[in-house]
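Every letter in the sequence shown is one number past the one before it in the numbering used here, and letter 265, counting from 1, is 265.
A short write-up of the structure that comes next.
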Amino acid sequence: MTEQFDAIVIGAGQAGPALAVRCGRQGLKTAIIERHRFGGTCVNNGCVPTKTLVASARAAHVARHALDYGVRLQGEVGVDMALVKARKDGVVRKARDGVRAWLDGAANVTVIEGHASFIAPQRLRVGERELAAPRIFINVGARAAVPDMPGIADVPFLNNERIMHLDALPEHLLIVGGSYIGLEFAQMYRRFGSRVTVVEAGPRLIAREDEDVSDAIREILAGEGVEFRLGAQCIALQRQGDQMAIGVACGDGPPEVAGSHILIATGRVPNTHDLGLHEAGIQTDARGYIVVDDGLATTAEGVYALGDCNGRGAFTHTSWNDYEIVAANLFDGASRKVGDRIPAYALFIDPPLGRVGMTLAQVRASGRPALVAKMPMSRVGRALEMGETAGFMKIAVAADNREILGAAILGVHGDEVIHAILEVMTARQPASVFARGMHIHPTVSELLPALLEGLEPLR
Ligand SMILES: Cc1cc2nc3c(=O)[nH]c(=O)nc-3n(C[C@H](O)[C@H](O)[C@H](O)COP(=O)(O)OP(=O)(O)OC[C@H]3O[C@@H](n4cnc5c(N)ncnc54)[C@H](O)[C@@H]3O)c2cc1C
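Take a look at the structure:
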């Protein structure tokens, strides 16, 4: 017998639980289906555990440099990976249990565990059960891509999920992929005490960023002893006794690097292949992302796709913002659009990179006359006081009306300070508002007006 609901949410990641709770609050009889772990990627294998591990790695780093601050420690700094993992597991468990308890306590919400797939428009199968609803919200997320490279089937490798089970230190961690996820793990494991080599096919790290950002990040990580093999076009994996090796033959340097563990961090693919989308007339693009319009509606009546699976964002905050857009449009009479949001994200190395809006490369490509300013963190009093002067702040504004076009803050507290710029952009105010406010001393943010005083034409 088909169980009839008013709304069904598939996936309890970032957008799904909040939307299910909101539907329930609106008086809709709602089901939320989760096939694995409540909280999805962010809570179990993404943001929460990585930032918890980053904090442990930073503690080790600070302890090693304690004498720079006049603090003497007795003996060597040691990292106990079993304890590091236990701490991480505790934080994750609390977050996961919190999501589950929230859903269990929500009015009009039924929690169902199992794999959901469409069997017809507006109808799903979950194990033996058949469910139907006029509104279905897909929040199935993404998983680590397995790149098609020689040897990948013959060599055991880690991904962002498997590395979460490590409770011993890899002697030499080889990381394939020099982008956000790979770089966070690179610094973290280096600080735990592993030798770390990042193998990247492109000529520079995080190619989506401006070149000065990529270069500065490489310098920061290399300064801590992370090794790099960039331009490694012919990556191939092989076993060498008890070692793993990565052939990087086409770049400069030795033809291969060998290590104890390999982490593959080469991107993500959406969890859409086993959803029966075809049965419901839901279109995907060539890479498997669900095609959505600006209100996140799919090609099927009453079906929406939110979060990583729609290809319109790859972050927890984009997934959450998808929820806000869909809920506001359905229940609050709003007409919010995903295209209106300002791109913002951070890379949580230390010091972090906070990013908002366009890169300089994108500003140039837009053809819009612009001004740009850049300031090294060594000019920021707070950074000097903290002994953390690596990086820089950079901002681009439109030459005509001083609209902020984009900014990058690679430096201590960069992930927080970037929000000051993001809020001004969101309020559609010009950069000149920074000069009117009184800023707290000593902070990184207080230097934003001084940064803007240095605006020069972008060449
Ligand atoms: C290592 C790493 C670090 C990250 N760090 C950050 C960070 O610092 N900041 C940030 O903003 N983002 C970060 N991200 C990205 C972030 O985790 C994702 O963007 C976010 O989790 C996407 O949320 P979502 O709601 O789209 O999907 P998910 O959180 O992936 O949730 C999808 C859920 O759907 C379930 N599901 C899938 N298919 C089905 C099905 N057929 N039936 C039932 N259930 C199903 C899955 O089990 C999962 O629980 C990181 C990602 C990784 C991998």
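Glycine included, C-beta positions come from ideal geometry on N, C-alpha and C.
Collapsing the DSSP output to three states places Q4 in a strand. If you compare the alpha carbons of R312, V99 and T443 with that of P343, the shortest gap goes to R312. Contact between A232 and V248 holds: CB atoms are separated by about 4 angstroms, below the 8 angstroms threshold.
Of the heavy atoms belonging to ligand 1, none sits nearer than 6 angstroms to the Cβ of R162. If you look at Q187, you'll find it in the alpha helix (DSSP H) that goes Y180 to F192. About 5 angstroms separates the beta carbons of D210 and T359, which is inside the 8 angstroms limit, making them a contact pair. Assignment of beta-bridge partners to R135 by DSSP yields A7. Shortest gap from the CB of I181 to any heavy atom of ligand 1: under 6 angstroms. For A399, the CB contacts under 6 angstroms within the same chain, skipping 5 residues up- and downstream, are P369, A370 and L371 in chain order.
For the 7 angstroms CB-CB criterion, P457 and T266 do not form a contact. Of the residues L277, Q240, H278 and R436, the one whose Cα lies closest to the Cα of H261 is Q240. Checking the 6 angstroms criterion, the Cβ of S319 is within range of a heavy atom belonging to ligand 1. Between the region 422–437 and the region 378–386 there are fewer than three C-beta pairs closer than 8 angstroms, too few to call the two in contact. Rounded to whole angstroms, the gap between the alpha carbons of G339 and I8 is 25 angstroms.
At a cut-off of 6 angstroms, the beta-carbon of G177 does not count as near ligand 1: no heavy atom of the ligand is closer than that. Ranked by Cα distance from G114, the first of L131, A106, Q122 and A107 is L131. Under DSSP, G406 shares a beta bridge with G357 and A396.
In this structure R58 is not in contact with D308, their Cβ atoms being roughly 27 angstroms apart against a cut-off of 8 angstroms. If you ignore the 5 residues before and after Q26, its C-beta comes within less than 6 angstroms of the C-beta of F331, all in its own chain and listed in chain order. Judged by beta-carbon spacing, I138 lies beyond the 7 angstroms limit of I33, meaning their Cβ atoms are not closer than that value. Fully enclosed beta strand (DSSP E) runs of no fewer than 3 residues occupy 344–347, 353–357 and 370–376 of the region 320–380, in order along the chain. Not a single heavy atom of ligand 1 lies less than 6 angstroms from the C-beta of I152.
In the three-state DSSP reduction, P17 falls in the helix class (H, G or I). Relative to the Cα of C47, the nearest Cα in the group L124, L306 and M164 belongs to M164.
Taking every protein chain shown into account, the CB of C42 has 16 or more other CB atoms within 10 angstroms, so this residue is buried. Exposed is the label assigned to H273, since fewer than 16 other Cβ atoms lie within 10 Å of its Cβ. Boundaries around S214 are those of the alpha helix (DSSP H), E211 to G223, since no beta strand (DSSP E) includes it. Secondary structure note for E388: it is in no alpha helix (DSSP H), with a DSSP letter that is neither H nor E. Between the beta-carbon of G13 and that of G141 there is about 5 angstroms, and that keeps the pair under the 8 angstroms contact cut. Relative to ligand 1, V303 has its C-beta separated by 6 angstroms or more from all heavy atoms. A buried status is given to C23, since no fewer than 16 other beta-carbon atoms sit within 10 Å of its beta-carbon.
Sorting L455, A420, G454 and E453 by C-alpha distance to the C-alpha of H439 places A420 at the top. Every beta strand (DSSP E) of 3 residues or more that sits fully in the region 53–136 is shown, in chain order, as 109–113, 116–120, 123–126 and 129–132.
At least one heavy atom of ligand 1 lies closer than 6 angstroms to the C-beta of E34.
Take the alpha-carbon of I235 and the one of G288: they are about 25 angstroms apart.
In this structure, G276 places its C-beta atom within 7 angstroms of the C-beta atom of S117.
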